[in-house]
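Numbering (the numbering used here), first residue to last: 487 to 1535.
Ideal Cβ placement from N, Cα and C applies to all residues, glycine included.
Worksheet for the structure shown next.
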């Protein structure tokens, strides 16, 4: 036999292999130099599992003797002329990092074989090992070593930190830069904790050597410097980035450290940086320098551990910090750069947030009511105010004058001088102030913990600037010819308008601004409606304007909403419907979708909080357009949004009566659920059907189709959210049955009114158990029990199984609350005994069997309806299963006064006994919501028709369900329906579900451990991404490659 084949058979993975055995086989596969990883993610996932991210036990795998032996073997490949592939080499270093983070394992690795020294020598010596992934692995090894004393001693002895510093200065990938900077910070802190300050000084001196040695000096002349020297910038840039990272980590640590003292005082970092600043005129590079200065100033505030022998070093005071900051701003403005001022303000806000409680809430300047935070806000707002002044006419409006006066009141003299200097720069250099204003707005809204008064000032500035885009406040509607604002301004500065709208939305959502503190907020809705009336508005701005309108309405910023007035006349809100109507016809699907989202918010608010919107929606005739979008729009997201709007509208009776009931919704919804290709649309369609079922009456021909389609959707749909929504529909069906039997808030009351007997009855335990039996049988007729059992076996979606189990648990909790299962077992055993006795007597006297059965039929099947509490218009008494019949007969003692009705009903039961038991008719619990049918008459017509009926007709309606008078009484002629298609879909599947009886369901549920089902599915899902499965994938790819290579020969 071929030895290669024998080797494959020996090392190929087996199903009974443990994770450790599979892991060792993978390591052996990596020793093959020709092995190539098919998927780059494999190695990263193996490292994640070994790190204990998913299971802590996997960390033990790296401590086995086989792993140490494998490291010795792979190290020999590193030292040979043919090193392993880059992927395997990087994996080796990451595996080594997980081992050496333990001090004892580090000693085991290092003693004797000097494995770490040899790996490091291979990386430095071999040019093939200078790959970024290998360098990153090297840094991770050093970070792991630095966590214990022996590792720190080795780092100091080997000078490995110098290698990492070279990596950082070499413009490596962002991952190497991040890990290297964190390693340097951790090494500095740990050397400080060990008291080895000399090593800390040496590391700091090495880092700052480009500044200390003045690399920008001219090599040709002693006193000359190189201005804007590219080489100097290239050398200093990594240093500035590293200093910013070190200062940030020091501030975040919230502890005093000698590292900050050595950097700032021992080696005079700020003074040396000022020397380099004098040689720079590049504004982009100066921005990085100013940021570093601010970082250093914040570090001087409260992070330095000053040695006791140094009597001169002191912390920087917050007053001095503010002066230094304003000097940086002044320096930047004097050099003609205002962009860096915005960047400095953002840096200050970021570091001030990190300081947290160590920084005062306000820094008051010169014993006045001048606050430092206000000065920074004024500097940030100035481009916005400047643009506002440029857009305005020659004479500034009064509101702008008042706003500028308000800003002067909170400004100090120095800030005003800086602002005037900025104005001069704008005018002298013809700068792009619009772009600067956009950055200013973005910087303000992204500021963390901006005080509320300052947020209000920024909000006012944004509103006033927005007003300049809309000088005419007449909102244009049909038949009016109004101005649409400055169309040229909108088209020439779309980015500024976009930034303003985004800024206003952020401030409204983050600070919940109301008219009480900012009266300008009441104009937002009018501004947006005026803007949306412009037919030339770009689609991107249309979407933003619609979203801001939606946000403003949801936060009740409009005056009518804020005052909770019951009308919208005389305000801009009376035009919102027309704007939505127009935007629903936009060519851009994003605009149509945003208009539908706005409409959905309005409908939601109109349900309870602001009913005046309901009539407005009807007056604007929006609902037919929404229905057309739900049926015909080419974009699936728009169809889904339209269905979401219809779902919200269905809950509102006024919208249903006057518009929705006249639309043929059910046909379309059933068609969508059954044949729509997009899952999001099917999901919303199921929601719409659920709300219609919950709030209105669905005609029987429609209801049959709904049950058929939703049983298929719950069990066989490919989208898990559709299944869950369908299950929620079946939960509603179940709750409706319990309510129909008299349950209130999950419990049966002591007494209830019986619709059948027209009197109040006492609900004894036996009566309640009988009603629960009827609930189960009715759910069986609707296929609900079969659907629940089918969804329990869903192998793909764990969420579906959880929702199914939640419904079953709720059902069983109701049954267990009233000891129904004990009653069920007693009843089942009694019926089984009766059937045995009957069969015995039949075998003894065969000729009398028919007669006996005919005599006993009335007694065993009393003449009552399948459900005790049914509506008066029950069409036909249903046939019942044997258990239900037995349950009812056991309960006849409670209704002895109705024997005449029982006798007539018994005859009906006898005549219908020839029909199959699964052909029962459903009760009318699906129609007892108290609402109207799909196609409804007006309320006045219903009242008039009832008044015109005579008493005999009313009695005939009550006692003869087969008469058609009931249809005529409610204004519905015989044969009228809601226009639903009577074609049934998935008939065979529904019959299969409906064939599941209550007995079968209870027997199946009682044999199952529902919590164990969820746990097993959870384990199954976890095993699909388990460590063992991952290792098998790697091994199979390896052996498949070997087999293919063998086949080539």
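By the beta-carbon neighbour count (other beta carbons within 10 angstroms, threshold 16), residue 935 is exposed. At the C-beta level, residue 866 and residue 930 come within 8 Å of one another. Rounded to whole angstroms, the separation of the alpha carbons of residue 738 and residue 845 is 13 Å. Fully enclosed alpha helix (DSSP H) runs of no fewer than 4 residues occupy 1025 to 1040, 1045 to 1048, 1062 to 1069, 1075 to 1094 of the segment 1018 to 1095, in order along the chain.
With a contact defined as Cβ atoms closer than 8 Å, residue 673 and residue 641 qualify at about 7 Å.
Annotation: residue 1297 to residue 1206 spans about 22 Å, alpha carbon to alpha carbon. Looking at the backbone, the Cα of residue 920 and that of residue 686 are separated by about 48 Å. Closest in alpha carbon position to residue 744, among 679, 1077, 712, is 679. Residue pairing by DSSP places residue 1246 opposite 1239 in a beta bridge.
Beta-bridge analysis with DSSP links residue 743 to 790.
Rounded to the nearest angstrom, the gap between the Cα atoms of residue 704 and residue 710 is 5 Å. Residue 800 sits exposed, since fewer than 16 C-beta atoms from the chains shown fall within 10 Å of its C-beta. Closest in C-alpha terms to residue 909, from the list 1093, 949, 820, comes 820. Distance between residue 1475 and residue 1280, taken at the CA atoms: about 16 Å. Bounds of the alpha helix (DSSP H) holding residue 1100 are 1098 to 1105. The shortest C-alpha to C-alpha distance from residue 1165 to any of 1195, 1154, 1138, 1123 is the one to 1123.
Looking from the CA of residue 632, the closest CA among 588, 595, 1093 belongs to 588.
If you ignore the 5 residues before and after residue 565, its C-beta comes within less than 8 Å of the C-beta of 604, 608, all in its own chain and listed in chain order. Measuring C-alpha to C-alpha distances from residue 1049 to each of 1098, 630, 1017 identifies 1098 as the nearest. The DSSP-derived three-state label of residue 917 is coil. Every alpha helix (DSSP H) of 4 residues or more that sits fully in the segment 664 to 740 is shown, in chain order, as 683 to 693, 695 to 698, 716 to 739. Taken atom to atom, the span from the alpha-carbon of residue 767 to that of residue 615 is near 40 Å. Assigned with DSSP and collapsed to three states, residue 911 falls in helix.
Bounds of the alpha helix (DSSP H) holding residue 939 are 938 to 953. Residue 1120 is bridged by DSSP to nothing; it lacks a bridge partner. The alpha-carbon of residue 532 is positioned some 19 Å away from that of residue 555. In terms of Cα proximity to residue 650, the closest of 1255, 638, 629 is 629. Put simply, the backbone Cα of residue 1269 is about 18 Å away from that of residue 1208.
Judged by DSSP in its simplified three-state form, residue 545 adopts helix.
Judged by their CB atoms, residue 735 and residue 671 are nearer to each other than the 8 Å cut-off. In the three-state reduction of the DSSP assignment, residue 1233 falls in the strand class. Note on residue 707: under 16 other CB atoms within 10 angstroms of its CB, so exposed under the neighbour-count rule. Unbroken beta strand (DSSP E) stretches of 3 residues or longer found wholly inside the segment 509 to 539: none. Contact between the segment 1185 to 1201 and the segment 1213 to 1221 is present, with at least three C-beta pairs closer than 8 Å. Counting C-beta pairs with one atom in each stretch, the segment 1124 to 1131 and the segment 1103 to 1116 have three or more that are closer than 8 Å, which means they touch.
Cβ atoms of residue 818 and residue 772 come within 8 Å of each other, at about 7 Å.
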